[in-house]
Amino acid sequence: MDSRARIVLDDADIGRAVRRIAHEIVEKARGSHDLILLGIPTRGVWLAERIATSIDDIEGTHVPVGSLDITLYRDDLRLRPARALEATSIPAGGIDGRVVVLVDDVLFSGRTVRAALDALNDLGRPAAVRLAVLVDRGHRELPIRPDYVGKNLPTSLDEQVRVELVETDGLDRVVIEEEVR
Amino acid sequence: MRHLLSAADLTRDDAVLILDTAAELAAVTDRSVKKLPTLRGRTVVNLFFEDSTRTRISFELAAKRLSADVINFAAKGSSVSKGESLKDTALTLEAMGADAVVIRHGASGAPHRLATSGWIQGSVINAGDGTHEHPTQALLDAFTLRDHLKEAGGDLAGLRVAIVGDILHSRVARSNVLLLRTLGAEVVLVAPPTLMPFGVESWPCEVSYDIDDVLPGVDAVMMLRVQAERMKAAYFPSALEYSRMFGLDVARMSRLPEHAIVLHPGPMNRGMEISADVADSPRAVMVEQVANGVSVRMAVMYLLLGGRQEEI
Chain A
15 MDSRARIVLD DADIGRAVRR IAHEIVEKAR GSHDLILLGI PTRGVWLAER
65 IATSIDDIEG THVPVGSLDI TLYRDDLRLR PARALEATSI PAGGIDGRVV
115 VLVDDVLFSG RTVRAALDAL NDLGRPAAVR LAVLVDRGHR ELPIRPDYVG
165 KNLPTSLDEQ VRVELVETDG LDRVVIEEEV R
Chain B
33 MRHLLSAADL TRDDAVLILD TAAELAAVTD RSVKKLPTLR GRTVVNLFFE
83 DSTRTRISFE LAAKRLSADV INFAAKGSSV SKGESLKDTA LTLEAMGADA
133 VVIRHGASGA PHRLATSGWI QGSVINAGDG THEHPTQALL DAFTLRDHLK
183 EAGGDLAGLR VAIVGDILHS RVARSNVLLL RTLGAEVVLV APPTLMPFGV
233 ESWPCEVSYD IDDVLPGVDA VMMLRVQAER MKAAYFPSAL EYSRMFGLDV
283 ARMSRLPEHA IVLHPGPMNR GMEISADVAD SPRAVMVEQV ANGVSVRMAV
333 MYLLLGGRQE EI
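From first to last, the protein sequence lines stand for chains A and B.
Heads up, the first sequence is in this note's numbering, so the first residue is 15 and it goes up one at a time.
Heads up, the second sequence is in this note's numbering, so the first residue is 33 and it goes up one at a time.
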């Protein structure tokens with residue numbers, strides 16, 4: 015099996031998308047005082063950090079950032095061998111009464127977000143939960159939609175969307191790979 | 033990994049994975065909803081042929097925190113007291129659909145028999161067999177040591193741990209020697225010669241008969257209970273003499289380095305192997321060991337049962 019890759023977002027595109035999402039989050043929340051950003055490991059956490067930095071630039075306020083590992087809430091646990099857990103860290107003060115923005119790199123079937131909503135339910139009762147993703151590639155299997163999208167990327171099911179970030183991969187870009195049989 | 037029968041079955045990476053998983057799962061204890069849906073619909077049987085309070089409760093709590101259904105089976109008051117064999121008990125549990133069996137048995141090797149006989153399909157977790165092994169106790173001890181003595185997580189390389197007391201009858205000592213070595217720590221066993229196991233010189237550890245000599249050079253000391261119920265001969269002249277020679281009191285504890293901690297797997301005989309003021313001192317971490325036991329057992333059950341069951 016061979017694969018063809020093409021770059022759909024470069025570092026400048028990702029930077030612009032993150033800044034725009036930050037603006038939209040602040041606009042919709044009418045400020046930033048009740049916000050918490052929770053990234054879904056691994057790349058969602060880095061994106062959440064970047065969005066928080068952008069909000070800091072815009073509003074001059076520091077928004078708490080945490081990470082939310084959803085492994086223990088997945089619906090496909092029994093399809094694969096048990097996986098190692100990622101870190102969950104909830105900012106001090108918890109999520110009760112706050113506006114939680116979940117941040118992930120790619121939105122696909124929606125099952126990860128479903129698991130994240132279940133996990134949040136066990137952690138407290140937020141005032142509202144919103145969803146920010148860098149890439150929405152479609153093919154939803156659950157009634158879930160994002161509130162903030164960096165880029166809508168219509169894809170076919172035999173394509174793979176790969177988000178690479180400086181923090182984890184050494185460079186910023188989004189790549190679509192097509193498997194050629 | 034399908035069963036957890038012996039600490040010797042764990043590689044360094046397996047052991048570190050269990051400790052890292054336990055560290056994440058420990059946070060569940062601090063939440064208002066102390067439950068995860070991960071093992072929903074799975075059944076865990078606690079099959080206890082020997083008395084136990086903390087280990088059984090710890091396994092039960094760990095399974096319940098992961099949403100598994102738990103059946104407690106104590107040999108007393110069951111068909112075992114009417115003469116039922118381990119095989120027939122196992123076949124009964126299999127017919128009831130047990131996904132995992134946590135077994136404590138007085139006979140060394142019973143968990144191994146259960147796992148390899150083909151009587152049951154599920155995972156077998158050794159919760160202590162005779163004088164052989166108690167791997168989850170070793171894991172919770174390693175977790176406690178790492179928590180106190182290693183900043184960065186990972187393994188236990190560079191640590192030196194003394195295990196003092198009734199080594200001969202101790203499954204905790206055997207599992208700890210194996211696991212701590214795998215994790216890179218040095219172990220020194222301290223006991224009167226009569227309470228050293230036969231063949232101890234082939235174990236991957238040092239042996240000493242003088243506790244005062246050993247204490248200044250260790251990062252942690254693990255005191256073991258004198259297991260009177262397993263002693264069928266005279267192993268030392270008197271309890272008082274044992275306590276004077278090998279018990280940990282405040283004067284002895286002061287020989288330990290400043291950072292060193294005191295562990296005990298419980299139940300303690302205060303005044304025998306450990307004095308009451310040592311047991312109640314801030315350097316004693318027994319209460320943390322109990323809490324860590326739940327996290328470690330959750331990690332083991334998640335890793336054995338949480339994913340697809342591996343083919344044999």
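Cβ coordinates follow ideal geometry from the N, Cα and C atoms, glycine included.
Nothing here was measured: the structure is a model prediction, and the numbers come from that model.
Is there a C-beta anywhere in chain A that falls below 8 Å from the one on residue i?
i: Leu335(B); result: yes
i: Gly325(B); result: no
i: Ala95(B); result: no
i: Leu49(B); result: yes
i: Ala352(B); result: Past the boundaries of the shown model lies residue 352(B); chain B is included only from 33 to 344, so the question cannot be answered.
i: Leu42(B); result: no
i: Gly129(B); result: no
i: Arg284(B); result: no
i: Lys264(B); result: no
i: Arg178(B); result: no
i: Pro69(B); result: yes
i: Val183(B); result: What sits at residue 183(B) in the sequence shown is Glu, not Val. Taking Cβ atoms only, chain A never reaches closer than 8 Å to Glu183(B), which makes this a no.
i: Thr53(B); result: yes
Grouping DSSP H, G and I as helix and E and B as strand, with all else coil, what is residue i?
i: Ala170(B); result: helix
i: Gly45(A); result: coil
i: Arg139(A); result: coil
i: Gln321(B); result: helix
i: Tyr334(B); result: helix
i: Tyr241(B); result: coil
i: His137(B); result: strand
i: Glu63(A); result: helix
i: Asn104(B); result: strand
i: Ala159(B); result: strand
i: Ile21(A); result: strand
i: Asn208(B); result: helix
i: Gly53(A); result: strand
i: Glu92(B); result: helix
Could you tell me whether any Cβ in chain B is nearer than 8 Å to the Cβ of residue i?
i: Pro95(A); result: yes
i: Leu82(A); result: no
i: His76(A); result: no
i: Arg128(A); result: no
i: Tyr162(A); result: no
i: Leu137(A); result: yes
i: Thr102(A); result: yes
i: Arg30(A); result: no
i: Asp132(A); result: yes
i: Arg92(A); result: yes
i: Leu52(A); result: no
i: Ala98(A); result: yes
i: Leu86(A); result: yes
With a threshold of 6 Å on Cβ separation, who are the neighbours of residue i within its own chain once the five nearest residues in sequence on each side are excluded?
i: Val189(A); result: Ala19, Ile21 and Arg176
i: Gly162(B); result: Gly138, Ala139 and Ser140
i: Arg206(B); result: Glu165
i: Ala40(B); result: Leu210
i: Val79(A); result: Leu51, Ala62, Glu63 and Ala66
i: Val204(B); result: His166, Gln169 and Pro297
i: Val294(B); result: Val253, Arg315 and Ala316
i: Val180(A); result: Asp186
i: Thr75(A); result: Ser46
i: Arg284(B); result: none
Just to confirm, is the Cβ distance from residue i to residue j under 8 Å?
i: Asn78(B); j: Val156(B); result: no
i: Ser93(B); j: Leu86(A); result: Note that residue 93(B) is Leu in the sequence shown, not Ser. No, the pair does not count as a contact, with Cβ atoms beyond the cut-off.
i: Leu137(A); j: Val143(A); result: no
i: Val317(B); j: Val250(B); result: no
i: Gly107(A); j: Ala141(A); result: no
i: Gly164(A); j: Leu148(A); result: yes
i: Ile89(B); j: Val328(B); result: no
i: Gln169(B); j: Pro297(B); result: yes
i: Thr87(B); j: Arg136(B); result: yes
i: Val113(A); j: Asp48(A); result: yes
i: Asn324(B); j: Thr176(B); result: yes
i: Ala55(B); j: Phe81(B); result: no
Among residues of its own chain, excluding the 5 on either side of residue i, which ones have a beta-carbon nearer than 7 Å to its beta-carbon?
i: Leu398(B); result: Outside the displayed range of chain B (33 to 344) lies residue 398(B), so it cannot be described from this structure.
i: Asp309(B); result: Val282
i: Ile104(A); result: Gly80 and Leu137
For residue i, which residues of its own chain have a beta-carbon under 8 Å away from its beta-carbon, when the five flanking residues on both sides are left out?
i: Ser149(B); result: Lys119 and Ala122
i: Ile344(B); result: For Ile344(B), the pLDDT reaches just 38, beneath the cut-off of 50, and the residue's location in the model is therefore unreliable, leaving the point undetermined.
i: Val112(B); result: Phe81 and Thr121
i: His201(B); result: Thr163, Leu227, Gln259, Arg262 and Met263
**Prompt:** So, do the segment 54 to 68 of chain B and the segment 223 to 230 of chain B have three or more beta carbon pairs nearer to each other than 8 Å?
**Reply:** no
**Item:** Three or more C-beta pairs below 8 Å linking the segment 118 to 134 of chain A and the segment 81 to 96 of chain A
**Value:** By the Cβ criterion, the segment 118 to 134 of chain A is in contact with the segment 81 to 96 of chain A, since at least three pairs of Cβ atoms, one from each stretch, lie closer than 8 Å.
**Message:** Tell me whether the segment 288 to 304 of chain B and the segment 255 to 274 of chain B touch, counting them as touching only if at least three CB pairs, one residue from each stretch, are closer than 8 Å.
**Reply:** Taking a cut-off of 8 Å on C-beta distances, the segment 288 to 304 of chain B touches the segment 255 to 274 of chain B, as three or more cross pairs fall below it.
**Asked** For the segment 88 to 98 of chain A against the segment 29 to 46 of chain A, are there 3 or more C-beta pairs whose distance is under 8 Å?
**Response** no
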